[in-house]
Amino acid sequence: MAVVLLTGFEPFDGADRNPSADAVHAVAAGYDGPHDLIVATLPVAFEASAHRIRALIAHHSPDVVIATGLAGGSSHVAVERIGVNLIDARIPDNDGAQPVDAPSEVGGPAARFSTLPAKRLVRELAAEELPARLSLSAGTYVCNHVLYTALGAVRQDAVAGFVHLPWSTGTAPIGTPHLAEERLERAIRLVVDHALDTETREPGGSTW
Ligand code: PCA
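Here our numbering is used: the first residue of the sequence shown is 4, the next is one more, and so on.
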């Protein structure tokens with residue numbers, strides 16, 4: 004049995020809901036093992052989110068960390084491959100902070116790679132006809148900051164990564180792509196179930 008820490012985010016940018024928090028709590032409510040699943044909602048604030056993810060990791064010593072967040076406007080479930088040591092906030096966070104061109108972690112490496120089996124996860128999602136893709140940028144806002152921070156905080160033998168979600172059908176602003184709540188929940192459940200699978204060796208990159 005592995006300890007799996009699964010996180011979503013609170014609403015931000017004036018929205019009432021964040022589908023990532025809804026989806027992770029739905030997964031936790033229906034979860035029947037085999038892992039010990041811990042679920043948490045993170046604040047959309049640079050300092051507070053890093054503090055919280057570090058505290059959760061220190062407290063639970065998870066074998067797996069799966070952080071999720073909203074990528075409003077995206078139509079795909081995006082499995083992130085990399086967290087960069089850069090904050091460049093387009094909008095203030097929920098605490099009013101808006102760092103521009105600041106490091107996530109002073110003196111940290113330029114980037115940290117996700118250790119989730121990203122290609123395997125995309126394949127498993129696609130096998131259930133969920134729109135899924137690999138992503139090489141989690142942006143420069145709070146989601147990337149949490150991914151970068153989590154990768155630096157987990158045990159050496161643990162795996163950690165990030166999955167960006169589209170809006171859910173019930174939360175999407177008019178005209179933005181969305182997936183049904185059940186499909187987002189299913190996507191996250193598949194990521195939990197396959198997080199410790201071996202990575203597949205197949206081309207997944209792009210030429211641009
Ligand atoms: N999405 C934002 C922060 C919180 C969230 O759900 C992001 O992509 O950085």
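Cβ atoms here follow ideal geometry from the backbone N, Cα and C, with glycine treated the same way.
Query raised in the report: Is the stretch 35-43 close to the stretch 125-135, with three or more CB pairs under 8 angstroms?
Result: Output reads no: the stretch 125-135 does not touch the stretch 35-43.
Requested in this report: Enumerate in chain order the residues of its own chain whose CB-to-CB distance from E202 is below 7 angstroms, with the five nearest sequence positions on each side excluded.
Outcome: Within the sequence shown, residue 202 is the residue found at index 199, counting from 1. Only P120, K122 and R123 meet the Cβ criterion.
Query - Element boundaries [beta strand (DSSP E), containing S138] - result: Taking the sequence shown and counting its residues from 1, the one referred to as residue 138 is at position 135. Its beta strand (DSSP E) spans residues A135 to S138.
Query raised in the report: Excluding five sequence neighbours on each side, which residues of the same chain lie with their C-beta closer than 7 angstroms to the C-beta of A105?
Result: The residue you call residue 105 lines up with position 102 of the sequence shown. Within the same chain, Cβ atoms closer than 7 angstroms to the Cβ of A105 are found at I90, the five residues on either side in sequence being excluded.
Query raised in the report: Can you list, in chain order, the residues of its chain whose CB lies under 7 angstroms from that of R84, leaving out five sequence neighbours each side?
Result: On the sequence shown, position 81 is the one that residue 84 refers to. Excluding five sequence positions before and after R84, the CB atoms of its chain that fall closer than 7 angstroms to its own CB belong to F116, S117, A121, L137, S138 and L139, given in chain order.
Query raised in the report: Helix, strand or coil: which one does DSSP assign to H181?
Result: Looking up residue 181 in the sequence shown gives position 178. DSSP places H181 within a strand segment (E or B) once states are collapsed to three.
Query - Alpha carbon of N21 to alpha carbon of V47, nearest angstrom - result: The sequence position of residue 21 within the sequence shown is 18, counting from 1. The sequence position of residue 47 within the sequence shown is 44, counting from 1. Cα-Cα distance, rounded: 10 angstroms.
Query raised in the report: Using 8 angstroms as the Cβ pair cut-off and three pairs as the minimum, do the stretch 93-105 and the stretch 178-187 touch?
Result: Judged by Cβ distances under 8 angstroms, the stretch 93-105 makes no contact with the stretch 178-187, as fewer than three pairs qualify.
Requested in this report: To the nearest angstrom, report how far apart D19 and I41 are at their CA atoms.
Outcome: What you label residue 19 is simply residue 16 of the sequence shown in a count that begins at 1. What you label residue 41 is simply residue 38 of the sequence shown in a count that begins at 1. CA-CA distance, D19 to I41, rounds to 24 angstroms.
Report task. Kindly give me the distance between the Cβ atoms of V67 and I60, rounded to whole angstroms, as I take these residues to be in contact under 8 angstroms. Result -> As a first step, residue 67 is located in the sequence shown; it is residue number 64 there, counting from the start. As a first step, residue 60 is located in the sequence shown; it is residue number 57 there, counting from the start. Rounded to whole angstroms, the Cβ separation of V67 and I60 is 11 angstroms, and the two are not in contact under 8 angstroms.
**Report entry** Simplified DSSP assignment, three categories, for D39
**Finding:** Within the sequence shown, the letter at position 36 stands for residue 39. The three-state secondary structure of D39, taken from DSSP, is strand.
Query raised in the report: Going by beta carbon distance, what residues of the same chain come within less than 8 angstroms of E50, once the five residues before and after it are set aside?
Result: Start at 1 with the first residue of the sequence shown, and residue 50 comes out as number 47. Beyond the five residues adjoining it in sequence on each side, E50 comes within less than 8 angstroms, by CB distance, of D98 and A100 in the same chain, given in chain order.
Query raised in the report: T10 lies in the beta strand (DSSP E); which residues open and close that run?
Result: Stepping through the sequence shown from its first residue, residue 10 is reached at position 7. Bounds of the beta strand (DSSP E) holding T10 are V6 to F12.
**Report entry** Exposure of E205, with buried meaning 16 or more beta-carbon neighbours within 10 Å
**Finding:** In the sequence shown, counting from the first residue as 1, residue 205 sits at position 202. With a 10 Å radius around the Cβ and a threshold of 16 neighbouring Cβ atoms, E205 comes out exposed.
Query raised in the report: alpha helix (DSSP H) containing G86: first to last residue?
Result: If you number the sequence shown from 1, residue 86 lands on position 83. It is not in any alpha helix (DSSP H) - G86 instead sits in the beta strand (DSSP E) that spans I85 to V87.
Query raised in the report: Do you know offhand how far V82's Cα is from L8's?
Result: For this step, residue 82 is matched to residue 79 along the sequence shown. For this step, residue 8 is matched to residue 5 along the sequence shown. If I take the Cα positions, the gap works out to 16 angstroms.
Query raised in the report: What did DSSP end up calling A141 once you bin it into helix, strand or coil?
Result: The count along the sequence shown starts at 1 and reaches residue 141 at position 138. Here A141 sits in coil by DSSP.
Query raised in the report: Cβ of G33 within 7 angstroms of any heavy atom in ligand 1?
Result: Counting from 1 along the sequence shown, the entry for residue 33 is found at position 30. Not one heavy atom of ligand 1 sits closer than 7 angstroms to the Cβ of G33.
Query - Assumed close pair V194, V162 - CB separation to whole angstroms, cut-off 8 angstroms - result: Position 191 of the sequence shown, counted from the start, is the residue given in the question as residue 194. Position 159 of the sequence shown, counted from the start, is the residue given in the question as residue 162. About 11 angstroms; that fails the 8 angstroms criterion.
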